[in-house]
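Residue numbers (this note's numbering): 659 to 915. Okay, so here's the structure we're looking at.
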Ligand SMILES: N[C@@H](CCC(=O)N[C@@H](CS)C(=O)NCC(=O)O)C(=O)O
């Protein structure tokens, strides 16, 4: 049987894309009886609004976000980093070893109940990224576009209002900070003394891929004060690994930080 091949649509400074890229980098051995899959990367320049193109919205991700995976192995593209992670774990079991699957999955869900955009961009000196994308969607909607593209842009606008524009309100950001503190407290309790990886597992799991990226983003966005020292060391050690270096190529998780 021919090995499956996947195209990951991503952006180098997208936190959710980095989470998935790190999962792929640490994926380990394929499930027994399955052959190794091939992963190609396609960069979508979200800073130049490529995620708003008709092709991307209609054929890759109606939410107009990265990461997303397209493949001939599935009827539909896959999008949302948590959904993609579960799919990857079904192919590469060490991402969610059966003995710890439930805990890994619930901690990843808890982590993703935090709006990363709020913590990354609230009070940003680099303009208003949420407003900029909203204006671009509205600009395209004023043009003579095909009915399917109009519908796709209207859906994207609704998603964007709910997830991004709303996410920058100060009460909402305060709530996200408090969720972050609770999450990191729980995670620290699940990092046994002296352990390299969460839950004391011998190799990194999907939880490490999501958590390391999240902590790295907090630090790169100037929110180091939210990170307990032991988790900061845990993240710094992970950032020294060959897998992290390979995907990040010496970059931070956000530009110009
Ligand atoms: N819940 C989604 C969030 C994806 C997301 O918001 N991606 C951002 C980059 S981190 C994006 O594509 N932003 C461009 C936009 O919203 O138009 C996931 O976990 O994948």
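Heads up, the beta-carbon is just placed ideally off N, CA and C, and yes, glycines get one too.
{"query": "Proximity to residue 691 [Cα-Cα], best of 839, 749 and 912", "result": "749"}
{"query": "Residue 814 versus residue 724 - alpha carbon distance", "result": "13 angstroms"}
{"query": "Proximity below 8 angstroms, CB of residue 747 to CB of residue 737", "result": "no"}
{"query": "Three-state class that DSSP yields for residue 853 in the structure shown", "result": "coil"}
{"query": "Beta-carbon spacing of residue 710, residue 794 below 8 angstroms", "result": "yes"}
{"query": "Within 8 angstroms, strictly: CB atoms of residue 863 and residue 754", "result": "yes"}
{"query": "Which of helix, strand or coil DSSP assigns to residue 663", "result": "strand"}
{"query": "Alpha helix (DSSP H) segment containing residue 775, residue limits", "result": "774 to 779"}
{"query": "Within 8 angstroms, strictly: CB atoms of residue 838 and residue 673", "result": "no"}
{"query": "Other residues of its chain near residue 670: CB distance less than 7 angstroms, five sequence neighbours each side excluded", "result": "701 and 909"}
{"query": "Ordered list of alpha helix (DSSP H) runs contained in the stretch 730 to 803, each at least 4 residues", "result": "739 to 749, 759 to 769, 774 to 779 and 787 to 799"}
{"query": "Contacts around residue 807, its chain only, beta-carbon distance under 6 angstroms, and the 5 residues preceding and following it disregarded", "result": "712"}
{"query": "C-beta contact flag for residue 766 and residue 668 at 8 angstroms", "result": "no"}
{"query": "DSSP-derived helix/strand/coil call for residue 700", "result": "strand"}
{"query": "Same chain only: Cβ atoms within 7 angstroms of residue 718, ignoring 5 sequence neighbours per side", "result": "667, 726, 728 and 735"}
{"query": "Distance between residue 699 and residue 693 (C-alpha atoms, nearest Å)", "result": "19 angstroms"}
{"query": "Endpoints, the alpha helix (DSSP H) within which residue 891 is located", "result": "887 to 897"}
{"query": "Cα-Cα separation between residue 812 and residue 799, rounded to whole angstroms", "result": "8 angstroms"}
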